[in-house]
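J.:
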Amino acid sequence: MSYQWDFAPVFASAPLLAEGLGNTLRLTAVALAFGLVLGLALALMRLSPRPWFSWPAGFVIEVFRTTPPLVQLFWFFFALPMIVGIEMTPFIAAVVTFSIQSSAFFAEVFRAGIQSIERGQWEGALAIGMSRRQALNRIVLPQAVTRMIPAFMERAIELMKTTTLVATIAYADLLYDANAVAQKTYRPLETFTVAALVYFVVIFAFSLLGRRLERRLAVGGDSTVH
Amino acid sequence: MVWDFSSVLANSDALIAGAIGTVRLFAICLVSGMTFGLVVGLGRYARTRWFNWPATLFVEFFRNTPVLVQILWFYFALPIVAPFEISPLSAAALGISLNAAAFSADIYRGGIQSIERGQWEAARAIGMGWGQAMRRIILPQALKRMTPALTSRAIEIFKSTTLASTVAYVELLQQGKLIASINFNPIEAYTTVAVIFFVILWPLVQLTYALERRMKRAE
Amino acid sequence: MTILRVRGLTKRFGDNEVLHGIDLDVVAGERIAILGASGSGKSTLLRCLNFMELPTAGTVELDGKTVGSERGGGRIYRERDLTGVRQRVGMVFQQFNLFPHMTAAGNVMEGLRTVRRQPKAEARARAEKELARVGLAEKADTFPAHLSGGQKQRVAIARALAMDPEMLLFDEPTSALDPELVGEVLTVIRSLAEEGRTMLLVTHELGFAYHVATRVIFLAEGAIHEQGTPDEILKSPKKDKTRAFLAGHRQFSF
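Chains as they are written, first to last, in numbering that gives the first Met the number 0: chain A, 0 to 225; chain B, 0 to 218; chain C, 0 to 253.
Following this line, the structure appears as structure tokens:
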């Protein structure tokens, strides 16, 4: 049995696929931005000595780390609108889900980074009269963030891969559009292969960028560790 | 609004069928993914490029594409060229296993590389071959160090099984969808599914934390 | 004039009481060397004075004003209270605790910029002045990773001095240094002593304590065991524990 490969119908749909890729990138960027901010907030809450800060943060982090993202997405898309009584577009549901989901992971990255800074750095800052907040912003976080960059890149890549789940709630990302093209052209083999390769190229490029950053930090690491 | 779980409970047999499907898929992916991952990991560690390059290519490709894309490729694209039918279970198992293999390969490689050269040299010095040294000296030590990472990978595999619902494989989320559409109760149905996953996985997550803590103390 | 008055200072870590009710008065211009075996509580005492550790009980009074506020029989310390005290009581650590992501000048400027809200140029000028004082004018733009241990500690001293502290605390400032680097740091501390600064110094350098201190306190098991002039304590101690401690440190020469 020999199959005649024909990519022409797929390439004819390139504009639609490009639009899908654009939506994938947009969703990733928005969720990443919210996820980072929320993740830092969760990490700071979790590190707080006050239980009414640390417990809710711990709860959110645990729940979103231990339940499958697709279940979360369905919950926010199908269940939440009925509870709060508002319409949810697929995009909003996806942004909410993936922001919180990635923030749970980012929170642990932030927490590990902050805890990796020696106590002496806090004391050095407090000893010249800084408040805890100033010490965190000026002394601890700048050092922690440099150490966290590899873990951040890894999580950002995971996030981009996770965004494919929105295809299941009919948001027109790359995967959803590829599926549409496959059905229209009757060329699922070519279409899904192209889609997989596009994902690979984009995500692999980010991976390489992350690794280069990591290497550069490892080489320049002398100046951050004494 | 009033939460009413009775309609979900009335369909508990559907949920049990889903749970069995989830566990079956998880078991297949765990065993095949981690076993194949070991082969690939050793391949990446090998000095000969005939093992090294294909293994590296495999890892890079499957680490850097979304699992859902892989599952859909196996389900919709592969049957065009394959001389056999692909069931939802096979498509999901293939996608998730290969992805798990790529990730665990890197864990194995990292674990093996973390063992000091002195251990190799000591094994060689008493006359062991490469295979013997790997099996008797290096792997047992490396596996211990890898346990936390492998456990979190297992948790990720368990979460990935929900993706099989996109090809209508009968697992927990798929059954949740079914219950929600029959009874118009998405709140209770999806909350139940989320709670089931949380109850199963939370102890495992705590276990990885404990393992990591113990490793740190041991260092 | 008494600038620091400590009464009944007690510190517990869990069940372990490290300090049992210390009383201490520090007069302006005094230089107090605190000696004691490891575990005697000398570092903890110092760290309680600028609230790196919060006292479990007792009071610390700075310029006649008791730090913190009373509540329910104990004291509570608000962040505002503590940052205020720490600006007036400088501290130099055993491990330097320089900020590795800032240059030497950046380290010295940091408190001026962040805490005092000084303009950059003003803070920079002050940092250069303080670095010159510790002999490191030419290292202003060097990162800590490229400084020797002795240089790091001198930058740390400049960082403390930039805040115009009324009193300086030195917590074993030379213990982490290679022997050949100890001298340069002690020289700087000695020059500060000659300016008449008030300082408390936890150290193992008994010879240095003898020459620089105006008073020596010997701490044992979390309490002041014996105190007096350097001659009284170091040359003719009256108590057995002090004698035993000094016997273990006989290698120093006066």
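Cβ coordinates follow ideal geometry from the N, Cα and C atoms, glycine included.
Give me the Cα-Cα distance between A:Gln-114 and A:Met-147, rounded to the nearest whole angstrom.
T.: Cα to Cα, A:Gln-114 sits roughly 11 Å from A:Met-147.
J.: Nearest to C:Met-51 by CA position, among A:Val-180, A:Phe-58, A:Ala-126, is which residue?
T.: When only C-alpha atoms are compared, the closest one is A:Ala-126.
J.: How long is the line joining the alpha carbons of C:Leu-61 and A:Phe-63, rounded to whole angstroms?
T.: Those two C-alpha atoms are separated by around 49 Å.
J.: Is it buried or exposed for C:Met-0, if we count other Cβ within 10 angstroms and need 16 for buried?
T.: Flag for C:Met-0 reads exposed.
J.: Measuring only the C-alpha atoms, how far is A:Ser-222 from A:Leu-212?
T.: With a pLDDT of 40 at A:Ser-222, under the threshold of 50, the modelled position of that residue is not reliable, and no figure is offered here.
J.: Along the chain, where does the beta strand (DSSP E) containing C:Gln-226 start, and where does it finish?
T.: C:Gln-226 -> beta strand (DSSP E) spans 222 to 227.
J.: So which residues of chain C does A:Leu-15 contact, with C-beta pairs closer than 9 Å?
T.: Residues of chain C passing the Cβ test: none, with the nearest at roughly 47 Å.
J.: Establish whether the CB of A:Pro-68 and some CB of chain C are separated by less than 8 Å.
T.: No, its Cβ sits nowhere closer than 8 Å to a Cβ of chain C.
J.: Using DSSP bridges, identify the partner residues of C:Ile-31.
T.: C:Leu-199, C:Arg-214, per the DSSP bridge assignment.
J.: So which residues of chain B does A:Arg-132 contact, with C-beta pairs closer than 9 Å?
T.: Here the premise fails: no neighbours, minimum Cβ distance about 28 Å.
J.: From the DSSP output, which residues share a beta bridge with C:Lys-234?
T.: Partner(s): none; C:Lys-234 has no beta bridge.
J.: In the DSSP output, which residue or residues are listed as bridge partners for C:Leu-3?
T.: DSSP output for C:Leu-3 lists C:Val-25, C:Leu-61 as bridge partner(s).
J.: What residues of chain A sit near B:Lys-158, judged by a beta carbon separation below 9 Å?
T.: Result: Thr-65, Thr-66, Pro-67, Pro-68, Leu-69, Val-70.
J.: If the cut is a Cβ gap below 7 Å, which residues of chain A does B:Thr-161 touch?
T.: Within 7 Å Cβ-Cβ: Pro-67, Leu-69, Val-70.
J.: So, at 7 Å on beta carbons, what are the nonlocal neighbours of A:Val-9 in its own chain, with the 5 sequence-adjacent residues on each side left out?
T.: Excluding residues within five positions, the ones whose Cβ falls inside 7 Å are Val-180, Thr-184, Arg-186, Glu-189, Thr-190, Val-193.
J.: What residues in its chain sit with their C-beta under 7 Å from that of A:Gln-3, if we drop five residues either side in the sequence?
T.: Answer for A:Gln-3: no residue qualifies.
J.: Can you confirm whether A:Ile-113, when its beta carbon is compared against all beta carbons of chain C, has any partner nearer than 8 Å?
T.: Judged by the 8 Å Cβ criterion, A:Ile-113 is not in contact with chain C.
J.: Taking B:Arg-116 as part of the beta strand (DSSP E), name the residues at either end of that continuous run.
T.: First-last for B:Arg-116: 116 to 124, but that is the alpha helix (DSSP H), not the beta strand (DSSP E).
J.: Counting only the same chain and skipping the five closest in sequence on each side, list residues whose C-beta sits under 6 Å from that of B:Phe-50.
T.: Closer than 6 Å at Cβ, skipping near neighbours: Gly-42.
J.: For the segment 124 to 166 of chain C, which segments carrying the alpha helix (DSSP H) assignment without a break, of at least 4 residues, lie completely within its bounds, in sequence order?
T.: You should have 148 to 160.
J.: Would a C-beta distance cut-off of 8 Å place C:Gln-93 and C:Asp-170 closer than the cut-off?
T.: In this structure, C:Asp-170 lies closer than 8 Å to C:Gln-93 by Cβ.
J.: Take B:Leu-24 and list the residues in its own chain whose beta-carbon comes closer than 8 Å to its own, dropping the five residues that flank it on each side.
T.: Around B:Leu-24: Leu-88, Ala-91, Ala-92, Ile-95, Thr-160, Ala-163, Tyr-168, Glu-170.
J.: Taking CB distances under 8 Å as the criterion, tell me whether B:Thr-55 reaches chain A.
T.: Answer no: the Cβ-Cβ gap between B:Thr-55 and chain A never drops below 8 Å.
J.: Kindly indicate which residue of B:Ala-16, B:Asn-98, B:Gly-109, B:Thr-47 has the alpha-carbon position closest to the one of B:Asn-63.
T.: Residue B:Asn-98 is the option with its Cα nearest to B:Asn-63.
J.: For a contact defined as C-beta to C-beta under 9 Å, what are the partners of C:Gln-86 on chain A?
T.: In chain order: Ile-127, Gly-128.
J.: Mind listing which residues of the segment 185 to 210 of chain B have their C-beta closer than 7 Å to chain A's C-betas, in chain order?
T.: Going along the segment 185 to 210 of chain B in chain order, one finds Pro-185, Ile-186, Tyr-189, Thr-190, Val-192, Ala-193, Phe-196, Phe-197, Leu-200, Trp-201, Val-204 with a Cβ nearer than 7 Å to chain A.
J.: Given a threshold of 16 other Cβ atoms within 10 Å of its Cβ, counted over all protein chains shown, does C:Asn-15 qualify as buried or as exposed?
T.: It counts as exposed.
J.: Are the C-beta of A:Lys-160 and some C-beta of chain B separated by less than 8 Å?
T.: At least one chain B Cβ lies under 8 Å of A:Lys-160.
J.: Under 8 Å by Cβ, that's how I've got B:Leu-172 and B:Val-194 pegged, so tell me the actual separation to the nearest angstrom.
T.: Actually they are not in contact, since the Cβ atoms of B:Leu-172 and B:Val-194 sit about 13 Å apart, beyond 8 Å.
J.: Could you give the C-beta distance for A:Leu-43 and A:Ile-60, rounded to a whole number, given that I count them as a contact under 8 Å?
T.: Contact doesn't hold; Cβ gap of about 12 Å is too wide.
J.: Check A:Arg-49 in the structure and name its three-state DSSP category.
T.: In this structure, A:Arg-49 counts as coil in the three-state DSSP scheme.
J.: Beta-carbon of B:Trp-72 versus every beta-carbon of chain A: anything under 8 Å?
T.: So yes, B:Trp-72 belongs to the interface.
J.: Can you list, in chain order, the stretches of the alpha helix (DSSP H) that have 4 or more residues and sit fully within the segment 91 to 128 of chain C?
T.: Those alpha helix (DSSP H) runs which fall completely within the segment 91 to 128 of chain C and span 4+ residues are 103 to 113.
J.: Under 8 Å, Cβ to Cβ, is there at least one residue of chain B near A:Ala-181?
T.: Yes, A:Ala-181 lies at the interface with chain B (some Cβ there is under 8 Å from its Cβ).
J.: For A:Glu-122, return the contacting residues in chain C, with the cut-off set at a CB-CB distance below 7 Å.
T.: Going along chain C in sequence order, the residues near A:Glu-122 (Cβ under 7 Å) are Met-51, Phe-92, Asn-96.
J.: Does the Cβ-Cβ distance between A:Phe-77 and B:Tyr-189 come in under 8 Å?
T.: In this structure, B:Tyr-189 lies closer than 8 Å to A:Phe-77 by Cβ.
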